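Here the sequence shown is numbered in our numbering, starting from 1276 and rising by one per residue.
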Amino acid sequence: MSRWLVLFGKEWMEMTRSYKLLWVPLVFILFGAMQPVTTYFLPDILANAGNLPEGAVISIPLPTAEEVMAKTLEQFGTIGLLVIALSVMGAISAERTSGVTAIVLVKPISHLAYVSAKWAAMLALILIAFAGGFCAAWYYTAALFQGVAWQSSLIAYLLFALWLGFVGSLTLLFSALLRSGAAAAACALGIAAVLAVTASVFPKALAASPGMLPKAASAQFMDAASASHPWLAAAAALLVMAAVLAIAAWAVRRRPTLEA
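Okay, here's the thing in C-alpha cells:
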C-alpha cells in the first residue's frame, strides 16, 4: 500500500508541475459559470450587438433553473470531455516512450498498481474540476434564476461525474494501447460519442449502456420520473472501468517501453 501511495503522490506532483490542477478546474468553473450568466443576459447582449432596426424589441422567455442546469451538463458533455481527454491522453504513452515506465517498474511494483495510481489521480482531478464547475453553475443559476433542489443536483453530479470518469478511463486505456496520445483521445471521444448517440436513439434497448449516464443526469432536472432507474448504466460503467484497468495493466506489462 505504501508503494501505491508513493506512485499516487508521483502522479499528483506531476499534475501540479504541469498545472493540470490549475487549468483543468479553471476551465470547468469558467464554462459552468458562463451558461447561466449568458442565458440570463442574452436579451441584453443581442440588443447591444447592433444591426437591429430602430424600435425593435427582443423578447426571449427566460428558461427555468432546471433547464439551465441541464444545458450546463450538455456543455460539460462536449467541452468537458475534450478537456478530460486532452489532460489524460499522454498519461501512459508518453512515459512508455520516454522510458519512465520501465524505470518505475524496475522496482517491486505491480503493473496494476502503476496503472491504478494514474487512474486514481485522474479521477481525483475529474471530481475536483467537475465539482468546481458544477457548483459555479448551481450558484449562478440560483442567483439569477431560482434555486435547484439539492437532492436532484447531487444525483446529477454523481451520474455525470461517473460519465466523465468513464471517458477518462477509456482515454487511459488507449494511452496504454496506442503510441500516440492524440489517437488515444480521439478513440475515447469517438466511443463516448457513439455510446451517447446510440443510447439516445435506443433508450430502452440500451438502458444498461454507460451512454445513458449523461441523459440520466440531465433528466434529474428535467424529468426525474424518466431517470428513476439509472443504476444499470452506472453499474455497467463501473464494470467497464474495472475491465479497463485490467486491460491497461496487461498492455503495460506486455510492452513497458515504446521505441521512439
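Glycine included, each C-beta is placed from N, C-alpha and C at the ideal position. What you are looking at is a predicted structure, and each value in this text was computed from that prediction instead of being measured.
Where S1362 is concerned, the enclosing alpha helix (DSSP H) starts and stops at L1356 to V1363.
Under the three-state reduction of DSSP output, L1337 falls in the coil class, being neither helix nor strand. Assigned with DSSP and collapsed to three states, P1478 falls in coil, not helix or strand.
The C-beta distance from S1450 to A1366 rounds to 5 Å, short enough to meet the 8 Å contact threshold. Pairwise C-beta distances place the stretch 1342–1356 in contact with the stretch 1416–1432, as three or more of them are shorter than 8 Å. The beta carbon of G1352 sits closer than 7 Å to those of P1489, all from its chain and outside the five residues before and after it, given in chain order.
Assigned with DSSP and collapsed to three states, Q1310 falls in helix. Rounded to whole angstroms, I1403 and E1289 show a C-alpha spacing of 16 Å. Contact between the stretch 1305–1316 and the stretch 1388–1398 is absent: fewer than three C-beta pairs spanning the two stretches fall below 8 Å. Annotation: the continuous alpha helix (DSSP H) that includes A1399 extends over H1386 to L1419. In this structure, the straight-line span from the alpha carbon of Y1315 to that of A1510 is close to 37 Å. Here L1520 is buried, its C-beta having at least 16 other C-beta atoms within 10 Å. Looking from the CA of V1515, the closest CA among L1447, G1456 and S1475 belongs to L1447.
Rounded to whole angstroms, S1444 and G1284 show a C-alpha spacing of 19 Å. When only Cα atoms are considered, E1286 and A1474 end up about 34 Å apart. With contacts defined as CB atoms closer than 8 Å, A1458 and G1307 fail to qualify as a contacting pair. C-alpha of P1531 to C-alpha of M1276: approximately 22 Å in a straight line. One alpha carbon belongs to I1320, the other to F1420, and they sit about 17 Å apart. For V1527, the uninterrupted alpha helix (DSSP H) run begins and ends at W1506 to R1529, by DSSP. Pairing T1339 with L1348, the inter-Cα distance amounts to about 15 Å. Residue burial is scored here from C-beta neighbours: R1292 has fewer than 16 other C-beta atoms within 10 angstroms and is therefore classed as exposed. Following the DSSP letters along the chain, one finds M1288 inside the alpha helix (DSSP H) bounded by residues S1277 to R1292. Closest by C-alpha distance to G1407, out of G1355, V1527, C1462 and I1335, is G1355.
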